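In what follows, a single structure is set out as C-alpha coordinates and then discussed.
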Amino acid sequence: MKKLVFIGLLLLTANFAQAQEKIEWLKFEEAVAATEANPKMLLVDVYTDWCGWCKKMDKETFTDPDVIKYINEKFYAVKMNAEDNKREFDFKGKKYSEAKMAAAMRVQSYPNFVIIDPTLKNITQMPGYRQPAQFLEGLDQIIHNGFGTK
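Residues 1 to 150 in UniProt numbering are what the sequence shown lists, from first letter to last.
Next comes the structure, spelled out in C-alpha coordinates:
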(Lines of atoms letter the chains of each structure in order from A and count residues from 1; the text may use other names and numbers.)
(Lines give C-alpha, C1' and ligand atoms only; values in the text may rest on other atoms or scores of the structure.)
Protein backbone atom coordinates (compact mmCIF):
# COMPACT_ATOMS: atom_id res chain seq x y z
CA MET A 1 0.00 0.00 0.00
CA LYS A 2 2.83 2.41 0.84
CA LYS A 3 4.29 1.69 -2.59
CA LEU A 4 1.01 2.69 -4.30
CA VAL A 5 0.80 5.92 -2.29
CA PHE A 6 4.42 6.73 -3.18
CA ILE A 7 3.80 6.06 -6.89
CA GLY A 8 0.64 8.17 -6.77
CA LEU A 9 2.50 11.08 -5.17
CA LEU A 10 5.32 10.72 -7.68
CA LEU A 11 2.88 10.88 -10.62
CA LEU A 12 1.07 13.85 -9.08
CA THR A 13 4.38 15.67 -8.60
CA ALA A 14 5.43 14.89 -12.18
CA ASN A 15 2.13 16.21 -13.57
CA PHE A 16 2.41 19.37 -11.46
CA ALA A 17 5.99 19.96 -12.62
CA GLN A 18 4.96 19.45 -16.25
CA ALA A 19 2.03 21.85 -15.83
CA GLN A 20 4.50 24.49 -14.61
CA GLU A 21 6.50 24.36 -17.84
CA LYS A 22 6.62 27.64 -19.72
CA ILE A 23 8.31 29.27 -22.66
CA GLU A 24 11.87 30.35 -21.88
CA TRP A 25 11.62 34.03 -22.83
CA LEU A 26 14.92 35.88 -23.30
CA LYS A 27 15.90 39.48 -23.94
CA PHE A 28 16.86 40.14 -27.56
CA GLU A 29 20.58 40.43 -26.84
CA GLU A 30 20.51 37.19 -24.80
CA ALA A 31 18.92 35.34 -27.70
CA VAL A 32 21.50 36.76 -30.13
CA ALA A 33 24.34 35.59 -27.86
CA ALA A 34 22.70 32.17 -27.47
CA THR A 35 22.29 31.65 -31.23
CA GLU A 36 25.90 32.67 -31.83
CA ALA A 37 26.99 29.95 -29.38
CA ASN A 38 24.40 27.36 -30.46
CA PRO A 39 22.62 28.29 -33.74
CA LYS A 40 18.82 28.32 -33.59
CA MET A 41 16.16 30.59 -35.02
CA LEU A 42 14.80 33.47 -32.95
CA LEU A 43 11.07 33.90 -32.41
CA VAL A 44 10.39 37.50 -31.41
CA ASP A 45 6.95 38.21 -29.97
CA VAL A 46 6.46 41.92 -30.70
CA TYR A 47 3.66 43.28 -28.52
CA THR A 48 2.33 46.40 -26.82
CA ASP A 49 0.89 46.78 -23.33
CA TRP A 50 -2.50 47.91 -24.69
CA CYS A 51 -2.89 45.06 -27.22
CA GLY A 52 -5.78 42.79 -26.23
CA TRP A 53 -4.89 40.13 -28.81
CA CYS A 54 -1.33 40.06 -27.45
CA LYS A 55 -2.69 39.33 -23.98
CA LYS A 56 -4.93 36.62 -25.44
CA MET A 57 -1.85 35.01 -27.07
CA ASP A 58 -0.05 35.06 -23.70
CA LYS A 59 -3.03 33.58 -21.88
CA GLU A 60 -4.18 30.95 -24.38
CA THR A 61 -1.55 30.14 -27.00
CA PHE A 62 1.68 30.55 -25.04
CA THR A 63 0.37 28.37 -22.21
CA ASP A 64 -0.46 25.43 -24.50
CA PRO A 65 1.90 22.51 -23.70
CA ASP A 66 2.50 21.71 -27.41
CA VAL A 67 3.33 25.34 -28.19
CA ILE A 68 5.66 25.57 -25.18
CA LYS A 69 7.52 22.41 -26.17
CA TYR A 70 7.80 23.39 -29.86
CA ILE A 71 9.09 26.89 -29.16
CA ASN A 72 11.56 25.83 -26.49
CA GLU A 73 12.97 23.10 -28.75
CA LYS A 74 13.23 25.00 -32.02
CA PHE A 75 13.70 28.69 -31.11
CA TYR A 76 15.20 31.21 -28.79
CA ALA A 77 12.07 33.07 -27.74
CA VAL A 78 12.08 36.84 -27.18
CA LYS A 79 9.41 39.21 -25.88
CA MET A 80 9.79 42.72 -27.32
CA ASN A 81 7.62 45.69 -26.33
CA ALA A 82 7.21 47.79 -29.48
CA GLU A 83 6.73 50.95 -27.39
CA ASP A 84 9.63 50.58 -24.95
CA ASN A 85 12.28 53.25 -25.54
CA LYS A 86 13.93 52.87 -22.13
CA ARG A 87 16.01 49.69 -22.31
CA GLU A 88 18.82 49.82 -24.86
CA PHE A 89 21.02 47.08 -26.26
CA ASP A 90 23.65 46.67 -28.98
CA PHE A 91 23.03 44.72 -32.16
CA LYS A 92 25.50 44.57 -35.04
CA GLY A 93 27.36 47.66 -33.81
CA LYS A 94 24.29 49.86 -33.31
CA LYS A 95 22.26 50.83 -30.25
CA TYR A 96 18.57 49.94 -30.23
CA SER A 97 15.67 50.24 -27.88
CA GLU A 98 12.95 47.61 -28.18
CA ALA A 99 10.79 50.19 -30.00
CA LYS A 100 13.59 51.03 -32.47
CA MET A 101 14.28 47.34 -33.11
CA ALA A 102 10.57 46.66 -33.74
CA ALA A 103 10.55 49.56 -36.21
CA ALA A 104 13.74 48.28 -37.87
CA MET A 105 12.02 44.90 -38.30
CA ARG A 106 9.10 46.79 -39.91
CA VAL A 107 6.50 45.63 -37.44
CA GLN A 108 3.31 47.61 -37.95
CA SER A 109 0.63 45.53 -36.20
CA TYR A 110 0.30 43.56 -33.00
CA PRO A 111 0.76 40.87 -32.06
CA ASN A 112 3.45 40.14 -34.60
CA PHE A 113 5.88 37.28 -34.54
CA VAL A 114 9.20 37.93 -36.20
CA ILE A 115 11.25 34.86 -37.05
CA ILE A 116 14.98 35.45 -37.56
CA ASP A 117 17.24 32.79 -39.04
CA PRO A 118 20.30 31.53 -37.14
CA THR A 119 22.62 33.79 -39.16
CA LEU A 120 20.62 36.81 -37.88
CA LYS A 121 20.26 38.08 -41.45
CA ASN A 122 16.92 36.88 -42.80
CA ILE A 123 13.61 37.57 -41.17
CA THR A 124 9.99 36.80 -41.87
CA GLN A 125 6.84 37.83 -40.04
CA MET A 126 3.78 36.00 -38.88
CA PRO A 127 1.32 38.73 -37.83
CA GLY A 128 -1.88 38.42 -35.85
CA TYR A 129 -3.50 36.39 -33.13
CA ARG A 130 -3.45 32.62 -33.61
CA GLN A 131 -4.85 29.77 -31.60
CA PRO A 132 -2.32 27.07 -30.60
CA ALA A 133 -2.89 24.75 -33.58
CA GLN A 134 -2.80 27.66 -36.07
CA PHE A 135 0.32 29.08 -34.46
CA LEU A 136 2.17 25.76 -34.63
CA GLU A 137 1.06 25.23 -38.23
CA GLY A 138 2.39 28.67 -39.20
CA LEU A 139 5.75 28.09 -37.51
CA ASP A 140 6.01 24.62 -39.02
CA GLN A 141 5.41 26.00 -42.53
CA ILE A 142 8.14 28.58 -42.05
CA ILE A 143 10.62 25.95 -40.87
CA HIS A 144 9.76 23.37 -43.53
CA ASN A 145 9.78 25.86 -46.40
CA GLY A 146 13.50 26.18 -45.91
CA PHE A 147 13.56 29.40 -43.91
CA GLY A 148 16.44 29.50 -41.50
CA THR A 149 18.30 26.52 -42.93
CA LYS A 150 20.87 28.40 -44.96
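C-beta atoms are modelled at their ideal positions from N, C-alpha and C, and glycine is treated no differently. As the structure is a prediction and not an experimental result, all values here were calculated from the model.
Quick one: what does DSSP say residue i is sitting in, helix, strand or coil?
i: K121; result: coil
i: P127; result: strand
i: residue 176; result: Only positions 1 to 150 of the chain appear in this structure, which leaves residue 176 out of reach.
i: E83; result: coil
i: N112; result: strand
i: D64; result: coil
i: V32; result: helix
i: D49; result: coil
i: M101; result: helix
i: K40; result: coil
Count the other CB atoms within 10 Å of the CB of residue i; is the residue buried (16 or more) or exposed (fewer)?
i: T61; result: buried
i: D140; result: exposed
Please report how far the alpha carbon of residue i lies from the alpha carbon of residue j, in whole angstroms.
i: A31; j: F113; result: 15 Å
i: A103; j: S109; result: 11 Å
i: F91; j: I115; result: 16 Å
i: K27; j: I71; result: 15 Å
i: P118; j: T63; result: 25 Å
i: V67; j: N145; result: 19 Å
i: K94; j: E24; result: 26 Å
Going by CA-CA distance only, name the one from the options that's closest to residue i.
i: E29; options: K69, R87, D66 and L136; result: R87
i: N85; options: T48, A77, G93 and I123; result: T48
i: R130; options: E21, K27, D45 and M41; result: D45
i: P65; options: G93, K22, D58 and A77; result: K22
i: I123; options: K27, R106, W25 and H144; result: R106
i: P127; options: M41, G138, K74 and A133; result: G138
i: D58; options: F135, M41, H144 and N145; result: F135
i: K121; options: K40, E24 and W25; result: K40
i: A133; options: K94, F89, K69 and G93; result: K69
Within the chosen definition, does the region 49-56 reach the region 30-37 through at least 3 CB pairs nearer than 8 Å? no
Using 8 Å as the threshold, is the region 70-83 in touch with the region 98-110, meaning 3 or more CB pairs across them? Here the region 70-83 lies against the region 98-110, with 3 or more beta-carbon pairs under 8 Å apart.
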